[in-house]
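Chains as they are written, first to last, in UniProt numbering: chain E, 1 to 276; chain L, 1 to 276; chain R, 1 to 276; chain H, 1 to 276.
Notes follow once the structure below has been shown.
Number of protein chains: 4
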Amino acid sequence: METLTEQILRDTIRIRPDKSHKGTYGRVCLVGGNAQFGGAIMMATEAAVYSGAGLNTTLTDPVNFVSLHSRLPEAMVADFHDTEQLEQLVKAATTVVVGPGLGTDADSLTALETVFKTVTPAQILIIDGSAITLVADKSLTLPKARLVFTPHEMEWQRLSGIPISNQHNDENEKVRAELNGIVVLKSHHTRIYTAKGTYLNPTGTPAQATGGMGDTLAGMVGGFTAQFTDLENAVLAAVYTHSAIADELAESQYVVLPTQIMHQLPRFMHEHQALK
Amino acid sequence: METLTEQILRDTIRIRPDKSHKGTYGRVCLVGGNAQFGGAIMMATEAAVYSGAGLNTTLTDPVNFVSLHSRLPEAMVADFHDTEQLEQLVKAATTVVVGPGLGTDADSLTALETVFKTVTPAQILIIDGSAITLVADKSLTLPKARLVFTPHEMEWQRLSGIPISNQHNDENEKVRAELNGIVVLKSHHTRIYTAKGTYLNPTGTPAQATGGMGDTLAGMVGGFTAQFTDLENAVLAAVYTHSAIADELAESQYVVLPTQIMHQLPRFMHEHQALK
Amino acid sequence: METLTEQILRDTIRIRPDKSHKGTYGRVCLVGGNAQFGGAIMMATEAAVYSGAGLNTTLTDPVNFVSLHSRLPEAMVADFHDTEQLEQLVKAATTVVVGPGLGTDADSLTALETVFKTVTPAQILIIDGSAITLVADKSLTLPKARLVFTPHEMEWQRLSGIPISNQHNDENEKVRAELNGIVVLKSHHTRIYTAKGTYLNPTGTPAQATGGMGDTLAGMVGGFTAQFTDLENAVLAAVYTHSAIADELAESQYVVLPTQIMHQLPRFMHEHQALK
Amino acid sequence: METLTEQILRDTIRIRPDKSHKGTYGRVCLVGGNAQFGGAIMMATEAAVYSGAGLNTTLTDPVNFVSLHSRLPEAMVADFHDTEQLEQLVKAATTVVVGPGLGTDADSLTALETVFKTVTPAQILIIDGSAITLVADKSLTLPKARLVFTPHEMEWQRLSGIPISNQHNDENEKVRAELNGIVVLKSHHTRIYTAKGTYLNPTGTPAQATGGMGDTLAGMVGGFTAQFTDLENAVLAAVYTHSAIADELAESQYVVLPTQIMHQLPRFMHEHQALK
Numbered sequence: 001m002e003t004l005t006e007q008i009l010r011d012t013i014r015i016r017p018d019k020s021h022k023g024t025y026g027r028v029c030l031v032g033g034n035a036q037f038g039g040a041i042m043m044a045t046e047a048a049v050y051s052g053a054g055l056n057t058t059l060t061d062p063v064n065f066v067s068l069h070s071r072l073p074e075a076m077v078a079d080f081h082d083t084e085q086l087e088q089l090v091k092a093a094t095t096v097v098v099g100p101g102l103g104t105d106a107d108s109l110t111a112l113e114t115v116f117k118t119v120t121p122a123q124i125l126i127i128d129g130s131a132i133t134l135v136a137d138k139s140l141t142l143p144k145a146r147l148v149f150t151p152h153e154m155e156w157q158r159l160s161g162i163p164i165s166n167q168h169n170d171e172n173e174k175v176r177a178e179l180n181g182i183v184v185l186k187s188h189h190t191r192i193y194t195a196k197g198t199y200l201n202p203t204g205t206p207a208q209a210t211g212g213m214g215d216t217l218a219g220m221v222g223g224f225t226a227q228f229t230d231l232e233n234a235v236l237a238a239v240y241t242h243s244a245i246a247d248e249l250a251e252s253q254y255v256v257l258p259t260q261i262m263h264q265l266p267r268f269m270h271e272h273q274a275l276k
Numbered sequence: 001m002e003t004l005t006e007q008i009l010r011d012t013i014r015i016r017p018d019k020s021h022k023g024t025y026g027r028v029c030l031v032g033g034n035a036q037f038g039g040a041i042m043m044a045t046e047a048a049v050y051s052g053a054g055l056n057t058t059l060t061d062p063v064n065f066v067s068l069h070s071r072l073p074e075a076m077v078a079d080f081h082d083t084e085q086l087e088q089l090v091k092a093a094t095t096v097v098v099g100p101g102l103g104t105d106a107d108s109l110t111a112l113e114t115v116f117k118t119v120t121p122a123q124i125l126i127i128d129g130s131a132i133t134l135v136a137d138k139s140l141t142l143p144k145a146r147l148v149f150t151p152h153e154m155e156w157q158r159l160s161g162i163p164i165s166n167q168h169n170d171e172n173e174k175v176r177a178e179l180n181g182i183v184v185l186k187s188h189h190t191r192i193y194t195a196k197g198t199y200l201n202p203t204g205t206p207a208q209a210t211g212g213m214g215d216t217l218a219g220m221v222g223g224f225t226a227q228f229t230d231l232e233n234a235v236l237a238a239v240y241t242h243s244a245i246a247d248e249l250a251e252s253q254y255v256v257l258p259t260q261i262m263h264q265l266p267r268f269m270h271e272h273q274a275l276k
Numbered sequence: 001m002e003t004l005t006e007q008i009l010r011d012t013i014r015i016r017p018d019k020s021h022k023g024t025y026g027r028v029c030l031v032g033g034n035a036q037f038g039g040a041i042m043m044a045t046e047a048a049v050y051s052g053a054g055l056n057t058t059l060t061d062p063v064n065f066v067s068l069h070s071r072l073p074e075a076m077v078a079d080f081h082d083t084e085q086l087e088q089l090v091k092a093a094t095t096v097v098v099g100p101g102l103g104t105d106a107d108s109l110t111a112l113e114t115v116f117k118t119v120t121p122a123q124i125l126i127i128d129g130s131a132i133t134l135v136a137d138k139s140l141t142l143p144k145a146r147l148v149f150t151p152h153e154m155e156w157q158r159l160s161g162i163p164i165s166n167q168h169n170d171e172n173e174k175v176r177a178e179l180n181g182i183v184v185l186k187s188h189h190t191r192i193y194t195a196k197g198t199y200l201n202p203t204g205t206p207a208q209a210t211g212g213m214g215d216t217l218a219g220m221v222g223g224f225t226a227q228f229t230d231l232e233n234a235v236l237a238a239v240y241t242h243s244a245i246a247d248e249l250a251e252s253q254y255v256v257l258p259t260q261i262m263h264q265l266p267r268f269m270h271e272h273q274a275l276k
Numbered sequence: 001m002e003t004l005t006e007q008i009l010r011d012t013i014r015i016r017p018d019k020s021h022k023g024t025y026g027r028v029c030l031v032g033g034n035a036q037f038g039g040a041i042m043m044a045t046e047a048a049v050y051s052g053a054g055l056n057t058t059l060t061d062p063v064n065f066v067s068l069h070s071r072l073p074e075a076m077v078a079d080f081h082d083t084e085q086l087e088q089l090v091k092a093a094t095t096v097v098v099g100p101g102l103g104t105d106a107d108s109l110t111a112l113e114t115v116f117k118t119v120t121p122a123q124i125l126i127i128d129g130s131a132i133t134l135v136a137d138k139s140l141t142l143p144k145a146r147l148v149f150t151p152h153e154m155e156w157q158r159l160s161g162i163p164i165s166n167q168h169n170d171e172n173e174k175v176r177a178e179l180n181g182i183v184v185l186k187s188h189h190t191r192i193y194t195a196k197g198t199y200l201n202p203t204g205t206p207a208q209a210t211g212g213m214g215d216t217l218a219g220m221v222g223g224f225t226a227q228f229t230d231l232e233n234a235v236l237a238a239v240y241t242h243s244a245i246a247d248e249l250a251e252s253q254y255v256v257l258p259t260q261i262m263h264q265l266p267r268f269m270h271e272h273q274a275l276k
């Protein structure tokens, strides 16, 4: 297992080319946020926008349109119950993030199944939160796409069948290989399982232990993978950045809120981008 | 009567253990906010979140979902008219805060009665604002739980039957013992009555004399008691912190707004946590 | 005509007494904001809250509840179409502010007439914006109350019958005496007409010439008059403060937004309160 | 082709005359924002307000009223489906901005046609985003007004018929002359085509390549042209300012969000206004 260092940031966060436009930095399509858990998809979206993705559209329950736009007019919105529009927006995306606050009812399942039917092998699909639970509970067949899973330990137990106490690297890697994707196993020191190897994230603080932190990470993984071509590096850099910013804030804060992390992204990414 | 000092903060605000997750810091369930007084439950929720509680769910009138989420995507929301969901969320909570902006109509009463029927002796229940008025007016039987009352002087008169002019320590303590809980009697120098003793809070400023200050305190008591195991200390530390932050802000402000206090919590709690 | 100086601030903004509570600082009831002009009553309310009034309730079109609470959970809200509740809230108020964004349709007129029927001679009534236009257009009989009018020059022409070009002190004072109130005639250097004399406000900047500035002043007049016992001084101090803050901000800004002014109130009022 | 310099700012941003009021700085009427793309018209409006336009009214889908007002109570709102009100508000405007987030469905087309039928030759009309696409797709006849087009390269291809690879100055100027307006052709170095000449904007950064940047520019062009009498200079100064602020922010940010640019406008315009 390799421990990540700041080097992953310089290897990943490229200097933006002068001649570029918003299309250069990818389209993120985020799907989640039912009436109760709407905050989750707002945080994921805000994280994607602040990490610099070119265009961001959020498919969510319409009750969340106004609160999302009050915070973030930079994102576009659509209703995740509208299957046709969901298909169109998924098709147009570089990266799809599905799951934050999605819930596990029939509507949630329909939206998830639509995403799975629509994504193509060249697209990146981040499967988070309720989407992981649904995959496990309903034994859904995973689509052919560049898959990234972002479970916490209990969600990983549901998905992999490995009890939390047995979630060792060998067992985890075995299931990851079957899933044919990248697994970000969130805990107080997150481990990332990929086809190329297993990585330990050394950053992170107990000040992060508050609701919404995972949704924020999912949005950042969405934003990084839409922009940066090496998928594995993009995931690793997003995980490292998320906790490294939290570490900075925790030097003067007892608790770090998810929305505080995202607002540091433009500054942090500037400081840690590739050297010229 | 013992006068509180900063020591209560170092005795209470523990250094967070490295190996922890959001579950370690408790679940707060907040119930309140009708169509007219929605701001009260928003402030209580924001205070619970900024004080570091692990997970926060707010049961309120649906009209308040969007404004709450516009300010604070970190909280989850549900409709307090949905009795079944209210029961489920109360059952899952470490601490329940009931009352801020709840109102006193039939729906408010139903929600309060549902909370009372559902809480168990091991749970902490903060009874604030309209909930105190309803208990007094409807002579409700209090549930068996770890009770904390946060009345201002008029609400205490209603609940205890003691006129404001007679609210002396002996009389207050007598009623507190009957109530079998902790009483935070809010005034320009708040007194706290507990089974272990009576405490005077020396902090506080007239700059705090503005609407919403009590709702904020109720939310902080919720956030502190969900995280810190000694219930009495958690209540005392929340009261002290609330006014100590106001004192700091009043050094340069004529009036201190409730929402300004909460935003200082992560910094203030960091500075005053237990010494390593 | 007397030119105001900073002395009006020290004469008016009292040091808050230690033993006080939110009731000590008055109740402001604000009535206005139809579906199109909702921002006006939000700004007025925000100004009242930030100037330190103890309790603030806004009666407005329900479409404005959510946006008001998104910005300012400290205020309570109610529907201005609900005549019974309007009456109750007006009765409970120290100061009523009517007019910002109220509009001039039948509903607006009904709300205004309800306010006029309900206020009593001991209450302060600020008549602003659309309310001035309605008084003029419908020849409404003014209620017996402590009246303050805050017209701009065109509204004053409508109310007084004096064309803008003839709005000299003698003519204005004559109408003011008939109105039996205080008149704040807003222009690039606002004049204030009272029973005790006429005052010129020397502060103010063209950077203030943007929509919402008057609504903000109306809210500040509401907040100041609810707290400070000398009505005339409270009005004068509010006018002076409003433009003095704008002058400060205009030292580094080409335009000063209304919402920027209010957020400076707690700091500015602290710096200019009565000397101990 | 002339390269713009800071001189365009000093030539355009006049020192505000002491004796002035909000009417002096123009009325901007902004039309756009359907249910999906509401953020676009919010950003355009916020940019117009922060650039100092005297009065700003936004005609949009009603779903956007609350989020717009949550961010910006300074603007007035109306429903763009209400043709009569749209006509009235367009008639009253100094500058009309049509297109940000307008969409291209039947309602969008009706709103655009109403704007085109209503504007008069003395009024300034900024045609942006979806409005450009509609003009091209539906071969709409342009109204007689002081026209400004703000296409990106793909929209310009649709409008002019010139493929992106052939968008050279001569070809572009030829079509501009036929359109009889000013064309702001947005790219990594924006070019501006006017009857007096062609200009290159030297400012701009790839950190700007994110959704909403164009909507912000359209709103700024609206705000500048409503205030500053020389139309050509106002457009040039808005384009220069938009990217010059982004350049400043990009010194410490990897990505610059549209909403961050507008909030710098009052400070930036103060620093670059005409010398006394």
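Positions of the beta carbon are idealized from the N, C-alpha and C atoms, including for glycine.
From a predicted model like this one, the values you see are computed outputs, not experimental measurements.
For Y50 of chain E, there is no enclosing beta strand (DSSP E); the residue is found in the alpha helix (DSSP H) stretching over 38-50. Counting C-beta pairs closer than 8 Å gives three or more between the segment 220-239 of chain L and the segment 43-51 of chain L, which meets the contact rule. Taking all protein chains shown into account, I124 of chain R has 16 or more neighbouring C-beta atoms within 10 Å of its C-beta and is therefore buried. When the five nearest sequence neighbours on each side are left out, the beta carbons in the same chain lying within less than 8 Å of the beta carbon of P121 of chain E are those of K144, A145, R146, in order along the chain. For A238 of chain R, the enclosing alpha helix (DSSP H) stretches over residues 231-250. With contacts defined by Cβ atoms closer than 8 Å, R16 of chain H and A237 of chain R do not form a contacting pair.
Straight-line spacing of the CA atoms in A136 of chain E and E153 of chain E works out to 14 Å. Around the Cβ of P163 of chain R, a 10 Å sphere holds fewer than 16 other Cβ atoms; the residue is exposed. Inclusion of E6 of chain E and H272 of chain E in the CB contact set at 8 Å is warranted, their separation being smaller than that value.
Annotated as distal: G101 of chain L and E74 of chain R, with beta-carbon spacing of 8 Å or more. By the criterion of a C-beta distance shorter than 6 Å, T150 of chain H is surrounded in its chain by D128, V184, A218, once the five residues flanking it on both sides are discounted. Judged by DSSP in its simplified three-state form, M1 of chain H adopts coil rather than helix or strand. Along the segment 82-108 of chain R, none of the residues has a CB nearer than 7 Å to a CB of chain L. At least one CB atom of chain E sits nearer than 8 Å to the CB of R71 of chain H. Counting only runs of 4 or more residues that sit fully inside the segment 113-173 of chain L, the alpha helix (DSSP H) segments are 130-137, 153-160, in chain order. Straight through space, the alpha carbons of I41 of chain H and V97 of chain E are spaced by roughly 26 Å.
Residues of chain R whose Cβ lies closer than 9 Å to the Cβ of T24 of chain H are, in chain order, P206, A209. T190 of chain L is a Cβ neighbour of V239 of chain L, given a cutoff of 8 Å. In this structure, L:S187 is the residue among L:S187, L:T229, L:R176 with its C-alpha nearest to the C-alpha of S165 of chain L. If you look at I182 of chain H, you'll find it in the beta strand (DSSP E) that goes 181-185. Residue range 7-12 is occupied by the alpha helix (DSSP H) that includes I8 of chain E. Following the DSSP letters along the chain, one finds I15 of chain E in no beta strand (DSSP E), marked with neither H nor E. C-alpha of F80 of chain R to C-alpha of L55 of chain R: approximately 18 Å in a straight line. With respect to chain H, the C-beta atom of T133 of chain R has no partner C-beta closer than 8 Å.
Going by C-alpha positions, S130 of chain E is about 5 Å away from G103 of chain E. Put simply, the CB of L30 of chain L is far from chain E, with every gap to its CB atoms at 8 Å or more.
Of all residues in the segment 36-48 of chain R, those with a C-beta nearer than 8 Å to a C-beta of chain H are Q36, F37, G38, G39, A40, M42, M43, E46, reading in chain order. Taking all protein chains shown into account, A234 of chain E has 16 or more neighbouring C-beta atoms within 10 Å of its C-beta and is therefore buried.
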